[in-house]
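**Q** Can you keep this structure in mind? I'll have questions shortly.
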Amino acid sequence: MELTQENTEENEKTHVESIVKFEDSNRGTITDFHIETANNEEEKDANVILNKSVKMEVEEVNGHVDSSSTETDIEMQVIQQPTIPKKPPVSAHRRGPRKHRGNANSQLNLSTADHQRPLYCICQKPDDGSWMLGCDGCEDWFHGTCVNIPESYNDLTVQYFCPKCTEEGKGITTWKRKCRLRECSNPTRPNSNYCSDKHGVDFFREKVKLSTVEPSAIKNLVLFAKKREEFQNLGTVGPTLPSQVPPEVVYNFEIEEANRLNAEIVQLNKEKEVASNKKIFLQLIKDSSRRAVLAYKEREGIKKDLCGFDSRLLFNQQQMNELWEKVSNGAPLSLDMSIDPSPESTCFTEKRRCAKHTSWQVIFTEDFELQESNILQKLNMKQTAKDVMLEHQKQRCLPGIQYDGYARFCHEQLSPEKMANLLK
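Under the numbering used here, the letters of the sequence shown match residues 0 to 423, in that order.
Following this line, the structure appears as structure tokens:
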């Protein structure tokens, strides 16, 4: 026995050592095993003794290796023992708009317990990796698609309150001002309507494309405006038209047309005055006829209604003018005046039997009102035609007014020589 141990110690110098490291799952320690391999047939006995000692150490460490396992099985168990990684700590819950970053491969390898995830949003579904908003009231998460807020508005959100918190009065969602460019969702810069100078230029380029005005004309308007307020007020107030049309912008046929319209307007105004006097005259005749009928009924002792038509209503215009002149003494005819009754021109026939003058008061009232209405309609048409022609004449003055204004603007920027060429 002593000889065998001495031989073993001598052979250990010539043997090759193999170090096998494995992790003790119970204690988390690393044990080094020195496995010696025999180089020839004479060292087998020593190897058997050494392997038995290794086996005893393995059984002592693991405590679960079967006694019937061979040395090779023990070595494979030691080498193939898997290393269990530690689970990383869960990150803290963040508030505010953010986008979840999920790994597709890790989601496929979820265990059964991982499927029981918390439910979010008004749809009561778990986090599926889509963009979500954090409510500043209840601190719950909501899918952007469920609350109709696109992901592009992420940077525009100052604070978000879900519909329930808004209804309960906890707060309302506030936003930053969005860039005026339609396809941009970035917030504007301070004291600006755009997120950058480029988007400001792009916005106005789109507006110019939609305009019916030539770009050169818009350029002149921009150059003419010295301040931003002046440019914004362009178009609110047009150029002042001259009170009187210059003679050089009036054509000969327009002069003839204007004279004809003026004459017709004068004549229609006279007819309007006559129609108005006829209505007054009708009322005066009604009063005169009433007095004449009352006097006749008292004199004749008649109680029945009489016709009372006055034939003076059938006077021509000249006869009417003479009567009006006599009644008014040269003053304008009015309802305060009166006409003396005329029994010779008044019909005293019983009213229901006078078929000739049936409803004469209504007929003459409607006739005189219709005459006045037709005259007023013609007068308005002639006056409108005159105003349109005058407006056209004034419009022809605008190019000269605009040209003079643009010339005055350029005078401040051009030399006298260039100014002379511009005014040619």
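A virtual CB, placed ideally from N, CA and C, is assigned to each residue, including glycine.
As the structure is a computational prediction, the values presented were derived from the model and not from experiment.
1. Beta-carbon separation of residue 348 and residue 305 under 8 Å?
2. Please determine, among 377, 131 and 155, the residue with the shortest C-alpha to C-alpha distance to residue 271.
3. Let's test the definition: count the other Cβ atoms within 10 Å of the Cβ of residue 174 and tell me whether it reaches 16, buried, or not, exposed.
4. Are three or more beta carbon pairs between the stretch 323 to 338 and the stretch 364 to 381 nearer than 8 Å?
5. Give me whichever residues DSSP pairs with residue 349 in a beta bridge.
6. Under a CB-based cut-off of 8 Å, is residue 371 close to chain B?
7. For residue 228, I'd like the list of residues in its chain whose CB is within less than 6 Å of its CB, leaving aside the five on either flank, ordered along the chain.
8. If we ignore side chains and look at the alpha-carbon of each, how far apart do residue 328 and residue 282 end up?
9. Can you tell me whether residue 128 is buried or exposed? The criterion is at least 16 other CB atoms within 10 Å of its CB, across all chains shown.
10. Note down, one range per segment and in chain order, each alpha helix (DSSP H) of at least 4 residues found wholly within the stretch 265 to 292.
11. Determine, using beta-carbon pairs with one atom in the stretch 382 to 395 and one in the stretch 255 to 264, whether at least three such pairs fall under 8 Å.
12. Below 8 Å on the Cβ atoms is my contact criterion, and I expect residue 176 with residue 186 to pass it. Report the Cβ-Cβ distance as a whole number of Å.
13. Can you tell me where the alpha helix (DSSP H) with residue 383 in it begins and where it stops?
14. Taking three-plus beta-carbon pairs below 8 Å as touching, is the stretch 131 to 144 in contact with the stretch 154 to 161?
15. The alpha helix (DSSP H) with residue 426 in it runs from where to where?
16. Just list the alpha helix (DSSP H) runs in the stretch 167 to 227, keeping only unbroken ones of 4 residues or longer that don't cross its boundaries, in chain order.
17. Can you tell me whether residue 146 is helix, strand or coil according to DSSP?
18. Is the CB-CB distance between residue 367 and residue 274 below 8 Å?
19. For residue 126 and residue 199, what's the separation of their Cα atoms in angstroms?
20. Given residue 121, which residues of its chain have a CB within under 7 Å of its CB, disregarding the five upstream and five downstream residues?
21. Per the DSSP calculation, residue 314 is bridged to which residue(s)?
22. So, for residue 118: in the same chain, excluding its five sequence neighbours on each side, which residues have a beta-carbon less than 7 Å away from its beta-carbon?
23. Out of 345, 319 and 278, point me to the one whose CA is closest to residue 307's CA.
24. To the nearest angstrom, how far is it from the Cα of residue 97 to the Cα of residue 201?
25. What number of angstroms, rounded off, separates the C-alpha of residue 161 from the C-alpha of residue 136?
26. At which residues does the beta strand (DSSP E) containing residue 157 begin and terminate?
27. With a threshold of 7 Å, establish whether the CB of residue 310 neighbours any heavy atom of the ligand GTP.
28. Cα-Cα, which of 166, 172 and 291 is closest to residue 152?
29. Please classify residue 355: does DSSP put it in a helix, a strand, or coil?
30. By how many angstroms is the C-alpha of residue 322 removed from the C-alpha of residue 251?
**A** On the basis of the data shown:
1. yes
2. 377
3. exposed
4. no
5. 305
6. Among the chains of the structure shown, chain B does not appear; only one protein chain is present.
7. none
8. 18 Å
9. exposed
10. none
11. yes
12. 6 Å
13. 359 to 394
14. yes
15. In the structure as shown, the chain begins at 0 and stops at 423. Residue 426 is therefore absent and cannot be evaluated.
16. 196 to 209 and 214 to 223
17. coil
18. yes
19. 38 Å
20. 141 and 145
21. Note: residue 314 sits in no beta bridge, so no partner.
22. 124 and 125
23. 345
24. In this predicted model, residue 97 has a pLDDT of only 44, less than 50, meaning its place in the structure is not dependable enough to derive any value.
25. 8 Å
26. 156 to 158
27. In the structure on display, the ligand GTP does not appear, and there are no ligands present to speak of.
28. 172
29. coil
30. 44 Å
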